[in-house]
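Residue numbers for the sequence shown follow the working numbering, so the first one is 226 and each next one is one higher.
Where a beta carbon is used, it is the ideal one built from N, C-alpha and C, also for glycine.
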Amino acid sequence: MARPLNHPTLAQLRMALQNQDDPFAVIIRGHQGIEALLLHALCEVLTANHVSLKRVTFLAKVDLAIALKLLRPTSRNLASYINAVRNRFAHEFGAKFTIKDTGQLLESFGPHQHHLSASSDLRSMTPSQLLAHACASLYIEIDHLLIDFHKTRVVNEVITDMVLEALGDGPHTSGMPKHTEFVRQLADRLKAKGVLVDKPPSPGL
Numbered sequence: 226m227a228r229p230l231n232h233p234t235l236a237q238l239r240m241a242l243q244n245q246d247d248p249f250a251v252i253i254r255g256h257q258g259i260e261a262l263l264l265h266a267l268c269e270v271l272t273a274n275h276v277s278l279k280r281v282t283f284l285a286k287v288d289l290a291i292a293l294k295l296l297r298p299t300s301r302n303l304a305s306y307i308n309a310v311r312n313r314f315a316h317e318f319g320a321k322f323t324i325k326d327t328g329q330l331l332e333s334f335g336p337h338q339h340h341l342s343a344s345s346d347l348r349s350m351t352p353s354q355l356l357a358h359a360c361a362s363l364y365i366e367i368d369h370l371l372i373d374f375h376k377t378r379v380v381n382e383v384i385t386d387m388v389l390e391a392l393g394d395g396p397h398t399s400g401m402p403k404h405t406e407f408v409r410q411l412a413d414r415l416k417a418k419g420v421l422v423d424k425p426p427s428p429g430l
């Protein structure tokens, strides 16, 4: 899908965060990447002007994304904690990421973050590595749910087009039952648009 020029890909975000020894640099860059993706996702779903959404606070964007199913409700605590750490580092001279911060960050992880972290030893990570991991996991979640949104929209568009065509057509020349032929054509059209589904949704015809 098309991305704004200032919207980082996951690879670009990881490159910006990896090998950073300073938690300040990690949280600032990580927060920027997440907010840029949130802005992009909300503009895509709402077909809104990015200028108006830029004025919305980070947590308001998070809550809007949750309402639009672009972020899981259980991930709000992590987004809120990342935002709090970012604000502290941006506004408090000499702010540091402490052992207490590490514990609070881990406590803010939701089920999805724990699932993504199943093969990682979070306790052995440095503060910078842990912050980078947290930012990347939140980014991945939003990005994947945005992809799911686009797939669902394509599926609905294809179903709508095919239903309209079926309503205006006579019996199928293939001789197959109307429902069977519909499902077969639906799978073919979704595949042509790059959307693969194990079982195409039925319109109930």
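Check: From what residue to what residue does the alpha helix (DSSP H) around A320 run?
Finding: In the sequence shown, residue 320 corresponds to position 95, counting from 1. Segment: none, A320 is in no alpha helix (DSSP H) and carries neither H nor E.
Check: S333 to A343, Cα distance in whole Å?
Finding: By one-based count along the sequence shown, residue 333 stands at place 108. By one-based count along the sequence shown, residue 343 stands at place 118. C-alpha separation (whole angstroms): 16 Å.
Next item on the list: Decide if E260 is buried, meaning its Cβ has at least 16 other Cβ atoms within 10 Å, or exposed.
Entry: Looking up residue 260 in the sequence shown gives position 35. By the neighbour-count rule (16 or more Cβ atoms within 10 Å), E260 is buried.
Margin query: In this structure, how does DSSP classify L379 when only helix, strand and coil are distinguished?
Written below: The residue given as residue 379 occupies position 154 in the sequence shown. It should be pointed out that residue 379 corresponds to Val in this sequence rather than to Leu. Judged by DSSP in its simplified three-state form, V379 adopts helix.
Check: Do E390 and R297 have their C-beta atoms within less than 8 Å of each other?
Finding: Taking the first residue of the sequence shown as 1, we reach residue 390 at position 165. Taking the first residue of the sequence shown as 1, we reach residue 297 at position 72. Not a contact, by the Cβ cut-off of 8 Å.
Check: Using a Cβ-Cβ cut-off of 8 Å (strictly less than) and excluding sequence neighbours within five positions of T282, which residues of its own chain qualify?
Finding: Position 57 of the sequence shown, counting from 1, holds the residue named residue 282. Closer than 8 Å at the Cβ level, and outside the excluded window around T282, lies no residue.
Notebook entry, point to check: When DSSP labels each residue in this structure, what does T385 get in the three-state scheme?
Noted result: Taking the sequence shown and counting its residues from 1, the one referred to as residue 385 is at position 160. T385: helix per DSSP, three-state reduction.
Next item on the list: Look at the Cβ atom of R311, then the Cβ atom of I372, and state whether they are nearer than 8 Å.
Entry: Taking the first residue of the sequence shown as position 1, residue 311 is located at position 86. Taking the first residue of the sequence shown as position 1, residue 372 is located at position 147. No, the Cβ-Cβ distance between R311 and I372 is not below 8 Å.
Check: In angstroms, rounded to a whole number, what distance separates the CA positions of R313 and S345?
Finding: On the sequence shown, residue 313 is found 88 positions in, with the first residue counted as 1. On the sequence shown, residue 345 is found 120 positions in, with the first residue counted as 1. For R313 and S345, the distance between alpha carbons rounds to 27 Å.
Notebook entry, point to check: Does the separation of the CB atoms of H265 and H232 fall below 8 Å?
Noted result: Numbered from 1 along the sequence shown, position 40 holds the residue referred to as residue 265. Numbered from 1 along the sequence shown, position 7 holds the residue referred to as residue 232. Contact flag set, yes.
Check: Any idea what DSSP makes of K294, helix, strand or coil?
Finding: The residue labelled residue 294 in the question sits at position 69 within the sequence shown. K294: coil per DSSP, three-state reduction.
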